[in-house]
Amino acid sequence: MIETREAISEKAVLIGIITQHQDEKKSEEYLDELEFLTLTAGGFAVKRFVQKLDKPHPKTFIGTGKLEDVKAYIDSNDIGTAIFDDELSPAQLRNVERFLDCKILDRTNLILDIFASRAQTSSAKAQVELAQYQYLLPRLTRMWTHLDKQKGGIGMRGPGETEIETDRRIIRDKISLLKKKLVTIDKQMSIQRKNRGKMVRVALVGYTNVGKSTLMNVVSKSEVFAENKLFATLDTTVRKVVIKNIPFLMTDTVGFIRKLPTQLVESFKSTLDEVREADLLLHVVDISHPNFEDHIASVNKILDEIDSKDKPTVMVFNKIDAYTHETIDEDDLITEKTKEHYTLEDWKRTWMNDLETESIFISALNKDNLENFKDKVYEEVKKIHIQRFPYNDFLYQEY
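Read left to right, the sequence shown gives residues 26 to 424 (this note's numbering).
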């Protein structure tokens, strides 16, 4: 019988830097996101350490003086984990681990850990496992000690592998097997996609935790898992949706994030194929987030990497129910109006009013403006449908 235990949150310290490419405000934003990632993974951030540097220290990421401060805090408060906001090189990881003598994670490792806990299907599990092994291969140090006690003497001489060589060979073999497994899964998924016929395909894309799964549930009347956590959705879900008289397929995809590990983009190729083969993208944005414009840029960058940036796109600004803005008093003649003071109406008059990009403001949770959203999606799907089935004119006649 499996023993049930209460989940205990691990205490962790967060470590970030301020550089010429990442100012104080941006560093604070990234650490806020890292804290949310830590919470999602089951940890609890107790303190942040930030240092101003021209560039990360090549040996220890942060300066040795700051590292001593971190060690003193970790030792005095009995903390077992230190999490860095950027990916550490194998040498940095080795040096920091030796100095702090506790568990060291970086942003990539943390995201991989969350992905591993969320993966449900064999496809997602294989993709996460591949990304983890690719991350682990150059960082194999002091991880196993099962060959420490090998003795020399009679019968023990001759050629042999060191422990680390054995481990590297095992992991390379695993990577090779997983790649073959993913090729098979890719074939199966491409056959599934072909079997869907010529139906119009609509994909929900966007930053993590913007409400894609909630929107999917509302529109398709399905029960896709949705939660207010980063990367709640990892497995691609496809549902048939009918708006008025046109059926089409809607896909809920994995969310993107800033500083997304390259291993994940590589190993999640088959998941991203759903986006690549979509006819229409619904780019969902959390407008209540203060940095939603950065999120849009991050998603567009990844869409560009997978050759999907030029697809027909509707910008869906979600969570209008949670949107708040700063106000300026009528007698205040000094404060200058900035983006923090924009109302939703002000935002609608900015670049969101661009004639080339369709955009709509909704709340998927409260179902605000949902009928207008459905009408807009219907119009966009109809354009593609007419091109694909030019003789089915009777479909579009309203009775």
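C-beta atoms are modelled at their ideal positions from N, C-alpha and C, and glycine is treated no differently. Keep in mind it's a predicted model, so treat the numbers as computed, not measured.
Query	Result
Would you kindly work out how many angstroms separate the C-alpha atoms of D298 and A251, rounded to a whole number?	22 angstroms
Would you report the Cα separation of Q159 and I196, rounded to the nearest angstrom?	9 angstroms
Taking the alpha carbon of A97 as the reference point, which residue from C127, K407, R218 has its own alpha carbon closest?	C127
Enumerated in chain order, which unbroken segments of the alpha helix (DSSP H) with a length of 4 residues or greater are wholly contained in the region 123-147?	132-143
Output the boundary residues of the beta strand (DSSP E) element that contains M340.	338-343
For I200 versus S148, is the C-beta distance shorter than 9 angstroms?	no
Checking 9 angstroms against the spacing of the C-beta atoms, do P83 and T44 come in under that value?	no
Once you ignore the five residues that flank L172 on each side, which residues in its own chain have a CB closer than 7 angstroms to its CB?	For L172, the predicted model reports a pLDDT of 48, less than 50, meaning its position is unreliable; a value from the coordinates is still stated below. Counting only Cβ-Cβ distances below 7 angstroms, and skipping sequence neighbours, we find E188.
Give the secondary structure of F386 by DSSP, where H, G and I count as helix, E and B as strand, and everything else as coil.	strand
Between the region 268-287 and the region 225-241, do at least 3 Cβ pairs fall closer than 8 angstroms?	yes
What are the uninterrupted segments assigned as alpha helix (DSSP H) that are 4 or more residues long and contained completely in the region 186-254, given in chain order?	188-219, 237-245
If you drop the 5 nearest sequence neighbours on each side, which residues of the same chain put their C-beta closer than 7 angstroms to that of K334?	N325, L328
I'd like the list of long-range same chain contacts for L56, defined as Cβ closer than 8 angstroms, with 5 residues on each side in sequence excluded.	L39, G41, R73, V75, D110
From the DSSP secondary-structure annotation, give me the bridge partner or partners of V324.	None; V324 has no bridge partner.
Are I345 and H366 touching if we call contact CB-CB under 9 angstroms?	no
Nearest-angstrom Cα distance between T89 and R194?	35 angstroms
Using the DSSP secondary-structure output, state which residues sit across from D311 in a beta bridge.	N343
In three-state terms, what does DSSP make of E404?	helix
If you run the structure through DSSP and keep just helix, strand and coil, what is Q157?	helix
Distance, Cα to Cα, F414 vs P272?	13 angstroms
Cα-Cα, which of V266, I331, D379 is closest to K399?	V266
On the criterion of 16 or more Cβ atoms from any shown chain inside 10 Å, does L142 qualify as buried, or is it exposed?	Sequence check: residue 142 is Ser here, not Leu. Exposed, since its Cβ has fewer than 16 Cβ neighbours within 10 Å.
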